[in-house]
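Below is one structure, written out as structure tokens; the observations come after it.
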């Protein structure tokens, strides 16, 4: 493999490595596993780069999808789902809510810090119940039914909250894209 | 066609929250619906943005070498375009998104908005074409579904060559919140098979294209109202029934 190829991947890692790492860490928790997930994620990105179409979505969305899939697979494979659920079930912001809610840690990258603040504010604007449902799906990999069981809420309520929360986030995070497919 | 009930599934699908049966059904729908695909991508962008909301955690410095080492062991899948070029394109896109000024961010956001409008327009066009193509075919059979009473009414166009069913419904009020309409194909002496879920607009109209499951040759088609996402089997008596 030519040195140039590696430089391209290195560039991608330099731009996105810390975001991928932080996301993987938030899902799997343990450091060694996080490293594994990050290496897997960039390995898969490298292998499947041909399927990525910049016209159809951002690099961030592409990498985040791979990262979440890999991380959640690993959590399930390790049989650690119970622990993830336990963390997820904690009501307070100190529990599972913290990773999404904390947005003010210093970062040398101003742009990334701005992105972080925008996300933090958008999440803070969500009703708590909607945020929790999204967190359970996003970090815990739970489906509608599993979330309903976990929270002892009716399935319909869970579905409505998840959708409403995601729609609000879409409006807040990508204001100009939000009208797709709506009358 | 806008606001059809599949749209409700785009957000949970993008975040991975659909239950397996729903997911399979929705993925089948995505193959034929550009509008829903655009919607899913919109929500995928949200899941990407959310990665920035995670507590920052600095990767160990040696991880970079490990990532590059791993890449050396992995052969990129053969693609038409060279992966290197795409990786560079991806990296360049990131440079614009992350290093660019606020102005660049605005510009890229406007570009995204334009792409979205274009995608929506294309979706609308695709959907119209799809309906037309399905209708203008010698293999098309039609049947009218009648209700006990008068309104609503529905006509089905079944393109047997391509296994496509176009629904045209009239005077059908939209399903209540959390509910959906579901079309069933019933073969003689067998359990109903779901053709798909749909909803009508506030004006009581629905023009929806669904895929008839392969190999199913219904004697009767029927419509029930089901919980959002549809049911594996009807949970109530159909209110619209027609035979082929």
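Protein chains in written order, with our numbering: chain A, 820 to 1002; chain B, 90 to 333.
The C-beta atom is built at its ideal place from N, Cα and C for all residues, glycine as well.
| Item | Value |
| --- | --- |
| Within-8 Å CB hit, residue 108 (chain B) to chain A | yes |
| N- and C-terminal bounds of the alpha helix (DSSP H) containing residue 101 (chain B) | 99-104 |
| Within-8 Å CB hit, residue 130 (chain B) to chain A | yes |
| Local conformation of residue 321 (chain B) per DSSP, three classes | coil |
| Per-residue contacts from residue 844 (chain A) into chain B (C-beta, under 7 Å) | 146 |
| Cα-Cα separation between residue 987 (chain A) and residue 139 (chain B), rounded to whole angstroms | 13 Å |
| Local Cβ density within 10 Å of residue 873 (chain A), reported as buried at 16 or more and exposed below that | exposed |
| Segment limits, beta strand (DSSP E) that includes residue 295 (chain B) | 295-300 |
| Partners in chain B for residue 838 (chain A), counting only beta-carbon separations shorter than 7 Å | 140 and 141 |
| Complete runs of the beta strand (DSSP E) confined to the stretch 255-310 of chain B [at least 3 residues] | 268-275, 282-287 and 295-300 |
| CA-to-CA distance, residue 212 (chain B) to residue 984 (chain A), given in whole angstroms | 25 Å |
| CB contact check: residue 967 (chain A) to chain B, cutoff 8 Å | no |
| Contact set between the stretch 150-161 of chain B and chain A, restricted to residues whose Cβ is under 8 Å from the partner | 152, 153, 155, 156, 157, 159, 160 and 161 |
| Beta-bridge partners of residue 933 (chain A), as assigned by DSSP | Paired residue(s): none; residue 933 (chain A) is not in a bridge. |
| The stretch 250-269 of chain B touching the stretch 310-319 of chain B, judged by at least three CB pairs closer than 8 Å | yes |
| CB contact check: residue 137 (chain B) to chain D, cutoff 8 Å | Among the chains of the structure shown, chain D does not appear; the protein chains present are A and B. |
| Strand pairing of residue 243 (chain B), partner residues [DSSP] | B:234 and B:258 |
| Residue of B:278, B:304, B:256 and B:277 minimising C-alpha distance to residue 295 (chain B) | B:256 |
| Cα-Cα separation, residue 247 (chain B) to residue 331 (chain B) | 13 Å |
| Check whether residue 97 (chain B) and residue 982 (chain A) have beta carbons under 8 Å apart | yes |
| Whole-number beta carbon distance between residue 241 (chain B) and residue 264 (chain B), since they are thought to touch under 8 Å | At roughly 12 Å, the Cβ-Cβ gap does not stay under 8 Å, so residue 264 (chain B) and residue 241 (chain B) are not in contact. |
| Contact with chain B by residue 898 (chain A), beta-carbon distance below 8 Å | no |
| Within chain B, partners of residue 857 (chain A) - CB distance below 9 Å | 148, 152, 155 and 156 |
| Neighbouring residues, chain A, relative to residue 104 (chain B) (Cβ below 8 Å) | 953, 956, 957, 981 and 985 |
| C-alpha gap between residue 827 (chain A) and residue 932 (chain A), whole angstroms | 24 Å |
| Where residue 163 (chain B) falls: helix, strand or coil (DSSP) | coil |
| Strand pairing of residue 894 (chain A), partner residues [DSSP] | Paired residue(s): none; residue 894 (chain A) is not in a bridge. |
| Buried/exposed call for residue 304 (chain B), threshold 16 Cβ in 10 Å | exposed |
| Cβ contact (3+ pairs, closer than 8 Å) linking the stretch 146-166 of chain B and the stretch 886-899 of chain A | no |
| The stretch 835-844 of chain A contacting the stretch 852-870 of chain A, beta-carbon criterion three pairs below 8 Å | yes |
| Distance, residue 992 (chain A) Cα to residue 964 (chain A) Cα | 27 Å |
| Residues that DSSP places opposite residue 332 (chain B) in a beta bridge | B:309 |
| Assigned exposure category for residue 876 (chain A) - 16 Cβ within 10 Å defines buried | buried |
| Element boundaries [alpha helix (DSSP H), containing residue 948 (chain A)] | 947-959 |
| Alpha carbon of residue 225 (chain B) to alpha carbon of residue 141 (chain B), nearest angstrom | 49 Å |
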